[in-house]
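Here's the structure, in C-alpha cells; my notes come after.
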Amino acid sequence: MVYSRLRTTDTTHFNHPQILKTMTMCMDLWVKLEGNANGLIMPFLRKDVQEMINMHVTTDTLHSAIPLESLPNEYGGKAGTFEDMDKSFKEKLYAHRDWFKETENKYLVDESKREHTPKRFMFGLFG
Numbered sequence: 001m002v003y004s005r006l007r008t009t010d011t012t013h014f015n016h017p018q019i020l021k022t023m024t025m026c027m028d029l030w031v032k033l034e035g036n037a038n039g040l041i042m043p044f045l046r047k048d049v050q051e052m053i054n055m056h057v058t059t060d061t062l063h064s065a066i067p068l069e070s071l072p073n074e075y076g077g078k079a080g081t082f083e084d085m086d087k088s089f090k091e092k093l094y095a096h097r098d099w100f101k102e103t104e105n106k107y108l109v110d111e112s113k114r115e116h117t118p119k120r121f122m123f124g125l126f127g
C-alpha cells in the first residue's frame with residue numbers, strides 16, 4: 001500500500017527537481033524492501049486489471065478496504081500520525097544512504113554516448 005499527500009498546495013514551496021528525485025528514491029527503496037513495483041506499471045496494465053486497483057477520495061470507502069492498523073491516525077487509523085510516519089520513512093531512507101550512493105554511481109548515464117541529434121519529439125521532450 002502506498003499513501004501520499006501534499007503537505008502544502010502552495011506551489012511556490014515546491015522544488016520540482018527535488019520532488020522528482022525524492023519520489024524516485026522512495027520508489028527505489030520500496031522496490032528494494034518490498035520486491036515489487038506495482039505502482040510503476042499501472043499505465044501498462046490491461047483495463048480489467050486496472051479496475052481491480054482502488055483509489056479512495058473519502059474515508060468511508062477507505063475504511064472498508066484498508067485495515068485501520070495501516071492508516072494514519074488523522075484518517076481514523078492506528079498506524080501513527082502523519083508526522084510519525086513521515087519521520088519513520090525518512091529514517092528508512094537515511095538508513096539506506098550507502099545503498100543509494102552505490103546504486104546511483106553504478107547506474108549513472110554516460111552522457112558522452114548520447115546521440116546529439118534527437119530522433120523524435122514526444123510528450124514535449126526530445127528523446
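Residue 113 in UniProt numbering sits at position 113 of the sequence shown, and the numbers go up by one each step. We treat Cβ as the ideally placed atom computed from N, Cα and C, and that holds for glycine.
Span of the alpha helix (DSSP H) around residue i
| i | result |
| --- | --- |
| SER64 | 59–65 |
| TYR94 | 82–95 |
| ALA48 | At residue 48 the sequence reads Asp, which differs from the Ala that was named. Start and end: 47–50. |
Cβ-Cβ separation, residue j to residue i (assumed contact under 8 Å), whole Å
| i | j | result |
| --- | --- | --- |
| LEU29 | LYS92 | 7 Å |
| PRO72 | ALA79 | 6 Å |
8 Å CB neighbourhood of residue i in its chain, flanking five on each side removed
| i | result |
| --- | --- |
| LYS32 | HIS96, TRP99 |
| THR59 | TYR75, GLY76 |
| ASN54 | THR61, ALA65 |
DSSP three-state assignment for residue i, whether helix, strand or coil
| i | result |
| --- | --- |
| PHE100 | helix |
| VAL31 | helix |
| ILE53 | coil |
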